[in-house]
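Here the structure is laid out as structure tokens; the discussion comes afterwards.
Protein chains in written order, with this note's numbering: chain A, 9 to 122; chain B, 2 to 114.
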């Protein structure tokens, strides 16, 4: 079946430092990967969509300078939170799909910022 | 602009009761609608989706949802809930020409014994 793994599951970083999280698709080709953030007590905000052979599209309020994303092949993507501050804490989800199929999510990376 | 709204932030029922979690959307074009579940402290698990055809969609664990174009709704229902159904449920919409999901604010379902 289709699975999406994210790591680390939990991480803590000091305010002002950066943190990289990874997303691995297993059992299908992740032609597109979407990164979301769920801030405490909130819903899931779309950060950006990465589609193979297309430019990464960032949503309003999110930038490449703050959340650089790499999507080098059809099974892997990574995102870095640069210069993390308290407002960046939350659960970061990676959602991956093959073509127009169902979007499958990983369990998320929970980021805490001290 | 498309939106998806979940009018109930919290729903509490007893085990064995039926439940309906409401989802309304506003968009005039072709869309995919889906429901996801988030158990406490976990990621998102896919429940079901609708794009076309039979407006009643069956999902996992006895859940089903019914699409209504006239009401712009995609409510989730279960005939008899179990305590393990306690979680936050998210309705999501995806435009047919844009490959991302936009989520509603979520409904926290609490099933009491």
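Quick reminder that beta carbons are idealized off the backbone N, C-alpha and C, glycines included.
*In chain A, which residues lie less than 7 Å from residue 44/B when you measure between Cβ atoms?*
Your numbering for residue 44/B matches position 43 in the second chain. Going along chain A in sequence order, the residues near residue 44/B (Cβ under 7 Å) are 101, 113, 114, 115 and 116.
*Going along chain A, which residues have a C-beta under 7 Å from residue 104/B?*
Counting from one through the second chain, the residue named residue 104/B turns up at place 103. In chain order: 51 and 52.
*Under 7 Å from the C-beta of residue 101/B: neighbouring residues of chain A*: Here residue 101/B refers to the residue found at position 100 when the second chain is read from its first residue. The contacting residues are 42, 54 and 57.
*Output, in chain order, the set of chain B residues within a Cβ distance shorter than 8 Å of residue 19/A.*
Taking the first residue of the first chain as position 1, residue 19/A is located at position 11. None at all; the shortest Cβ gap to chain B is about 15 Å.
*What does residue 110/A reach in chain B if we use C-beta pairs closer than 7 Å?*
Working through the first chain from its first residue, we reach residue 110/A at position 102. Going along chain B in sequence order, the residues near residue 110/A (Cβ under 7 Å) are 47 and 50.
*Residues near residue 19/B by beta carbon distance below 8 Å, same chain, minus five either side*: Looking up residue 19/B in the second chain gives position 18. Here the set comprises 78, 79, 80, 81 and 82.
*Taking Cβ-Cβ distances shorter than 8 Å, what residues in chain A pair up with residue 107/B?*
To locate residue 107/B, count along the second chain from 1; it is residue 106. Per Cβ cutoff of 8 Å: 51.
*Leaving out five residues on either side along the sequence, give the residues of the same chain with a beta carbon under 7 Å from the beta carbon of residue 54/A.*
For this step, residue 54/A is matched to residue 46 along the first chain. Around residue 54/A: 42, 44 and 67.
_For residue 30/A, the three-state DSSP class (helix, strand or coil)_ = Taking the first residue of the first chain as 1, we reach residue 30/A at position 22. Residue state, collapsed to three classes: strand.
*Could you tell me whether the Cβ atoms of residue 35/B and residue 49/B are closer together than 8 Å?*
Within the second chain, numbered from 1, the residue matching residue 35/B stands at position 34. Within the second chain, numbered from 1, the residue matching residue 49/B stands at position 48. The answer is yes: Cβ separation under 8 Å.
*Cα-Cα, which of 87/A, 49/A, 34/A and 17/A is closest to residue 10/A?*
Residue numbering aside, residue 10/A sits at position 2 when the first chain is read from its first letter. Selected option, being the one with the closest Cα: 34/A.
*Can you tell me which of the three DSSP states residue 94/A falls into?*
Taking the first residue of the first chain as position 1, residue 94/A is located at position 86. The answer is helix: DSSP assigns residue 94/A an H, G or I state.
*Quick one: is residue 91/B near chain A, going by C-beta distance under 8 Å?*
For the purposes of this step, residue 91/B is taken as the residue at position 90 of the second chain. Output row for residue 91/B: interface = yes.
*beta strand (DSSP E) containing residue 25/B: first to last residue?*
Within the second chain, residue 25/B is the residue found at index 24, counting from 1. It spans 25–27 - the beta strand (DSSP E) in which residue 25/B sits, taken as one unbroken run.
*asked:* Give me the residue from 121/A, 117/A and 63/A with the minimum Cα distance to residue 87/A.
replied: Your numbering for residue 87/A matches position 79 in the first chain. Considering only alpha carbons, the answer is 117/A.
*Considering residue 62/A, what are the terminal residues of the beta strand (DSSP E) in which it resides?*
Here residue 62/A refers to the residue found at position 54 when the first chain is read from its first residue. Residue 62/A -> no beta strand (DSSP E), and no H or E assigned at all.
*Assigned secondary structure, residue 81/A (DSSP; H/G/I helix, E/B strand, else coil)*: As a working note, residue 81/A is residue 73 in the first chain. Note: residue 81/A maps to strand in three-state DSSP.
*Return the CA-CA distance between residue 61/A and residue 81/A, expressed in angstroms with no decimal places.*
Translated into positions along the first chain, residue 61/A becomes position 53. Translated into positions along the first chain, residue 81/A becomes position 73. Rounded to whole angstroms, residue 61/A to residue 81/A spans 10 Å at the Cα level.
*Looking at the structure shown, is residue 1/B part of a helix, part of a strand, or coil, going by DSSP?*
Given a span of 2 to 114 for chain B in the structure shown, any question on residue 1/B remains unanswerable.
*Proximity to residue 84/B [Cα-Cα], best of 74/B, 109/B, 24/B and 68/B*: Taking the second chain and counting its residues from 1, one reaches residue 84/B at position 83. Among 74/B, 109/B, 24/B and 68/B, the Cα nearest to that of residue 84/B is on 109/B.
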